[in-house]
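Using the numbering used here, you'd call the opening residue of the sequence shown number 2 and step up by one each time.
Glycine is no exception: its CB is placed at the ideal position from the N, C-alpha and C atoms.
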Amino acid sequence: ILFATSTSAIALDQEFIKSLKHVEVVLDDDATNACWTNLKESREYAEEKLRGLGATLYDNEDKYYGRYYALIINVQSQRLDIGLCFGAISISLETGTEINNTFHRGVLRSTVSSFTGSQNANNMVIDQIQSFLTPQNKN
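So this is what it looks like as structure tokens:
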């Protein structure tokens with residue numbers, strides 16, 4: 002049995018993505034027992050999608066609020082006794098900001114999906130990256 006749910010805020014605007022000068026793909030692996038094994042493929046896929054949308058990938062420059070963004074991909078998962086994984090995949094596009102002299106995380110967009118009954122989260126992570134990085138259509 003495979004069960005997945007997803008929630009999403011807003012669709013990305015491609016013109017905004019093109020304006021991003023420093024985007025870093027950050028993988029946050031909270032999966033255990035081989036429930037997420039394609040981290041390299043996930044990073045490369047996300048980076049290629051960002052490049053295809055016109056974003057410039059981060060290349061160890063200084064990180065400035067509002068100019069540096071992180072695409073954070075987090076998988077929290079564990080394996081059940083029956084051998085199948087369950088967990089959640091979250092993806093967000095964030096930058097830092099300062100409000101009232103205090104650092105805040107500014108989240109442009111985020112999604113969360115949950116799953117159960119799968120050997121691993123690999124294909125679902127790729128699907129979620131694709132969905133997250135598909136810009137809205139302007140008619």
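Local conformation of residue i per DSSP, three classes
{"i": "R68", "result": "coil"}
{"i": "L1", "result": "The question about residue 1 has no answer here: the residues shown for the chain are numbered 2 through 140."}
{"i": "E16", "result": "helix"}
{"i": "N34", "result": "coil"}
{"i": "L94", "result": "strand"}
{"i": "D60", "result": "coil"}
Straight-line Cα distance separating residue j from residue i
{"i": "T98", "j": "I83", "result": "44 angstroms"}
{"i": "S119", "j": "K22", "result": "37 angstroms"}
{"i": "K41", "j": "L85", "result": "22 angstroms"}
{"i": "A5", "j": "S115", "result": "The pLDDT assigned to A5 is 49, lower than 50, so where the model puts this residue is not dependable, and the model offers no usable value."}
{"i": "T96", "j": "V24", "result": "9 angstroms"}
Spatially closest choice to residue i from the options, by CA coordinates
{"i": "Q15", "options": "R80, L54 and V76", "result": "L54"}
{"i": "I90", "options": "L13, V24, Y66 and D29", "result": "D29"}
{"i": "N121", "options": "F17, N39, L13 and I18", "result": "N39"}
Strand pairing of residue i, partner residues [DSSP]
{"i": "N101", "result": "In the DSSP output, where bridge partners are listed per residue, N101 has none listed."}
Exercise. Below 8 angstroms, can you find three or more Cβ-Cβ pairs linking the segment 100–111 to the segment 56–65?
Worked result: no
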